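Quick note on numbering: the sequence shown equals residues 14 to 257 in the numbering used here.
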Amino acid sequence: MAATPAWPPKSTPRLFVEEALGEGVALRIDGPQAHYLLSVMRLKAGDPVRLCDDRTGEWLGVISATAKRDLVVGVEAQLRPREDVPDLWLAVAPIRKARFDFVAEKACELGVARFLPVLMQRCVADKVKPDRLRAQMIEAAEQCGRTALPEVADVQTLDRFLKGFPAGRTLIFADEEGGAPLADVVRTASCAAILIGPEGGFADAERAAILAHPSAVGVSLGPRILRAETAALAAVAVWMAGQA
Ligand code: SAM
């Protein structure tokens, strides 16, 4: 006997919405999301949509009405609860826009809980657009199946980051000048923040201030000098693998 196909099908589009979701909610969708569903995905009444609100998880929606520029989706049932997000922060010095977007996208895919842009002396870029970062992360979350979005913190100086760093969280300092092997550190750091420097690296005074912090552990990502985006991606991946 042929197995009944899974519903909704894997190909069902996923969207993050601002509104709180719940059984019986009728959601009006317009703007770019409506364009995507109606014109790109060519959905029509009766088609399913997976909806996430970053609070209650993922829900099955069914399109009940469509118009030229908007549509109404009836929320029917919860498909998955909001995920348990691994307790990892990624604190990164802003780097060139396209590369910073890449870091934000990969941090989301890899499961990071919080993304903190931290200004340092040798930053090439000093402007960060939180809305742009959040849009990158929403797109990444819709693609990779996350039901929770990373929180994007306001840009802050290294001094403020260190002063506000919470006790009980390990500050994993990716130091291009060397440190403990990251793989050895991650096993005992299930509540952590990884700190990655800018294209120009950490200034000596910054390195001294970080290493003086009681929660800081300097780690090496190997003998080669990695680009900041490579270091961020590699360090988060090793940490995630170490929690499995
Ligand atoms: N300008 C620096 C230099 O030439 O020494 C390189 C900085 S690197 C492009 C940017 C950041 O990636 C560093 O500040 C560090 O946080 C991280 N990183 C790069 N390679 C690393 C390594 N082998 N071990 C630990 N962290 C590394």
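Glycine included, each C-beta is placed from N, C-alpha and C at the ideal position. From a predicted model like this one, the values you see are computed outputs, not experimental measurements.
(request) Could you tell me whether the Cβ atoms of valine 88 and leucine 146 are closer together than 8 Å? (result) no
(message) Out of Ala221, Glu155 and Ala80, which one is the CA nearest neighbour of cysteine 121?
(response) Glu155
(request) Below 8 Å CB to CB, which residues in the same chain sit around valine 230 once its five sequence neighbours on both sides are set aside? (result) Thr183, Leu184, Ile185, Phe186, Gly192, Ala193, Val198 and Ala202
(message) What would DSSP say about arginine 63, mapped onto helix, strand or coil?
(response) strand
(message) Ignoring anything shorter than 3 residues, give me the beta strand (DSSP E) runs that lie fully in the segment 151–223, in order along the chain.
(response) 183–187 and 205–209
(request) For leucine 246, I'd like the list of residues in its chain whose CB is within less than 6 Å of its CB, leaving aside the five on either flank, ordered along the chain. (result) Lys119
(request) Kindly indicate which residue of Pro130, Leu175 and Phe29 has the alpha-carbon position closest to the one of proline 227. (result) Leu175
(request) Give the DSSP-derived three-state secondary structure of glycine 255 in the structure shown. (result) helix
(request) Confirm, please, whether the CB-CB distance from glutamine 256 to proline 99 is below 8 Å. (result) yes
(request) From the DSSP output, read off the bridge partner residues of glutamine 91. (result) Trp72
(message) In the DSSP assignment, the beta strand (DSSP E) including glycine 44 goes from what residue to what residue?
(response) Taken as a continuous stretch (DSSP letters only), glycine 44 belongs to no beta strand (DSSP E), being part of the alpha helix (DSSP H) at 44–48.
(request) Please confirm if the segment 126–140 is in contact with the segment 31–47, defined as three or more CB-CB distances below 8 Å between the two stretches. (result) no
(message) Can you check which of these residues, Trp20, Lys81 and Arg68, is closest to tyrosine 49 by C-alpha distance?
(response) Lys81
(message) Assuming valine 251 and leucine 195 are in contact, meaning their beta carbons sit under 8 Å apart, how far apart are those beta carbons, in whole angstroms?
(response) 5 Å
(message) Any heavy atom of the ligand SAM closer than 7 Å to the beta-carbon of aspartate 188?
(response) yes
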